[in-house]
Amino acid sequence: MALCFGSLNLFGTKKPSPKVVIGYVGGYRGLVDASIIDASKLSIINYAFVNIKDGEAFLTNEKTDTVNFRTLSALKKINPSLKIVISIGGWAWSENFSDAVLTEAGRKKFATSAVAIVAKYKLDGVDIDWEYPGLPGEEGNVYRPEDKQNFTLMFKELRHSLDSLQKKAKLKQKLLLTTAVGASKSCIEMTEMDKAQQYLDYVNLMTYDYKTEGSKIAGHHTNLYGSTKDPEESSADRSIRLYIAAGVPPAKIVMGIAFYGRGFKMKDDTNFGLNQVPEKGVRGGGFTTIKEKFLNDSAYTAYWDENAQAPYLYNAKEKVFITYDDEKSVIAKCNYVTKYKLGGVMFWEYSSDPKGYLLNTIHVTLK
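Counting from 1, position 211 in the sequence shown corresponds to residue 211 in full-length UniProt numbering; the numbering is continuous, with no gaps.
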């Protein structure tokens with residue numbers, strides 16, 4: 001992979017493309033509070049989520065979604081280049097993807113319905129967050145081996161439908177097609193990213209949730225590098241290298257940043273919880289809460305893992321370990337994106353840092 005990254009410098013004197021900053025905004029929470037959204041610091045807002053019902057993209061909360069589309073689109077008065085994109089699926093609404101795109105007729109039906117929402121509300125594209133093709137996500141999700149090929153064919157049909165709308169509506173700007181993908185090796189093995197990427201503008205790597213409440217070991221959930229010498233340890237760097245090896249151009253890869261933490265109740269104080277066996281997962285909190293509450297609480301001690309380029313907190317009294325992204329780790333991630341000429345960064349989810357600490361850091365760092 002050193003050769004692969006080394007080849008990224010062969011651009012001569014061509015001016016590098018601006019890095020994108022993609023923020024997921026959760027409409028599933030209800031009405032969006034536009035007052036906390038700094039549109040001037042964003043390239044794309046991915047509206048989460050649109051559901052799938054009877055093989056079609058479907059607004060489960062249409063009244064709320066309609067208001068939110070207007071609210072978000074109004075932010076273009078602040079930033080005329082801002083794009084508003086619908087994100088379909090997510091953890092809770094991926095159960096029907098496999099059935100919807102199983103056949104050619106099904107893929108056309110699904111693509112037509114998704115693009116119809118884009119057209120009706122004058123939006124700027126589609127993001128697919130299928131968790132996960134060919135793999136179990138949430139309990140009860142349908143998945144099958146054919147998902148691997150159908151994942152690619154779905155994007156082909158979506159790209160065709162979006163291009164047709166652009167032509168029909170005489171739009172000057174290309175309509176966007178992106179996807180959020182799992183950062184594990186198994187997610188790559190169950191997709192054809194070398195083929196799928198040709199239809200995509202960006203591939204948003206969910207380089208977080210490496211550790212979740214069900215993990216057998218408490219560790220970093222959104223680390224840039226590995227904490228140990230284990231080459232198989234999950235990290236953003238490892239995930240990015242795997243996706244490049246799978247055929248995704250670096251300029252299309254968007255690194256994920258977590259605006260939230262994950263917590264673990266530990267059995268004892270060994271290593272302040274890092275890489276130890278927990279009793280259970282606990283709430284980690286959003287970054288604004290972590291910064292303003294936990295970091296100002298003497299019960300918590302902040303630590304920095306130099307190897308992983310990642311922070312963590314430990315509360316010795318409660319035996320609670322919290323893993324998260326902070327300003328320092330975000331700077332490291334943004335510098336990585338710049339160094340390796342990646343497409344940019346994305347984050348989940350806006351309301352977890354309403355004070356904008358991490359977005360401000362992204363804005364001043366990402367070049």
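Glycine included, every Cβ here is placed at the ideal spot set by N, Cα and C.
Presumed contact (8 angstroms Cβ cut-off) between residue i and residue j, rounded CB distance
| i | j | result |
| --- | --- | --- |
| K328 | V345 | Contact flag wrong, Cβ pair sits at about 15 angstroms. |
| Y324 | G261 | 3 angstroms |
| E56 | F110 | 6 angstroms |
| Y300 | Y314 | 7 angstroms |
| Q149 | E95 | Contact flag wrong, Cβ pair sits at about 20 angstroms. |
| F321 | A218 | 5 angstroms |
| F259 | Y303 | Contact flag wrong, Cβ pair sits at about 20 angstroms. |
| R29 | S235 | That belief does not hold up - the Cβ atoms of R29 and S235 are roughly 30 angstroms apart, past 8 angstroms. |
Contact check, residue i vs residue j, beta carbons under 8 angstroms
| i | j | result |
| --- | --- | --- |
| F287 | D209 | no |
| L358 | V330 | yes |
| L165 | D201 | no |
| K319 | D269 | yes |
| L162 | V126 | yes |
| A169 | A116 | no |
| K265 | V282 | yes |
Cut-off 6 angstroms between Cβ atoms - residues of its own chain near residue i, not counting five sequence neighbours on either side
| i | result |
| --- | --- |
| D129 | S87, G89, G90 and A180 |
| I45 | G23, V25, L72 and I84 |
| A366 | Strictly speaking, residue 366 in this sequence is Leu, with Ala absent from that position. Counting only Cβ-Cβ distances below 6 angstroms, and skipping sequence neighbours, we find K19 and C334. |
| G285 | G261 |
Same chain, Cβ closer than 7 angstroms to residue i, five either side skipped, listed in chain order
| i | result |
| --- | --- |
| M206 | A180, V181, G182, A183 and G256 |
| A2 | Model confidence at A2 stands at a pLDDT of 42, short of 50, so the residue's coordinates are unreliable and nothing is read from them. |
| E157 | R107, K108 and A111 |
| A196 | F151, T152 and F155 |
| P145 | G134 |
Candidates the options, of which the one nearest residue i by Cα
| i | options | result |
| --- | --- | --- |
| S35 | N46, N360, A116 and G356 | G356 |
| R238 | A246, Y225, G247 and P250 | Y225 |
| G134 | M190, Q309 and E104 | M190 |
| T71 | A105, P80 and L31 | L31 |
| V85 | Q276, K76 and P278 | K76 |
| I22 | L359, S43 and V142 | S43 |
| Q173 | Q309, L82 and A105 | L82 |
| A100 | Y143, K229, W348 and P80 | Y143 |
Neighbourhood of residue i by C-beta, 8 angstroms cutoff - its chain only, sequence neighbours within 5 removed
| i | result |
| --- | --- |
| G27 | Y47, A48, F49, N61, T64, D65 and N68 |
| D305 | H220, N223, S227, L274, P311 and Y312 |
| P249 | Q197 |
**Prompt:** In chain order, which beta strand (DSSP E) runs of at least 3 residues are fully inside the stretch 109–150?
**Reply:** 125–129
**Prompt:** Which ranges does the beta strand (DSSP E) cover as unbroken runs of at least 3 residues, wholly within the stretch 296–362, from first to last along the chain?
**Reply:** 300–305, 310–315, 320–323 and 344–348
**Message:** Suppose only complete runs of 4+ residues qualify. What are the alpha helix (DSSP H) ranges in the stretch 225–259, listed by chain order?
**Reply:** 236–245
**Prompt:** In the stretch 42–121, which residue ranges form an unbroken beta strand (DSSP E) of at least 3 residues, counting only runs that do not cross its ends?
**Reply:** 44–53, 56–58 and 83–89
**Prompt:** Along the chain, which unbroken stretches of the beta strand (DSSP E) at least 3 residues long are found entirely within the stretch 171–221?
**Reply:** 176–182 and 202–206
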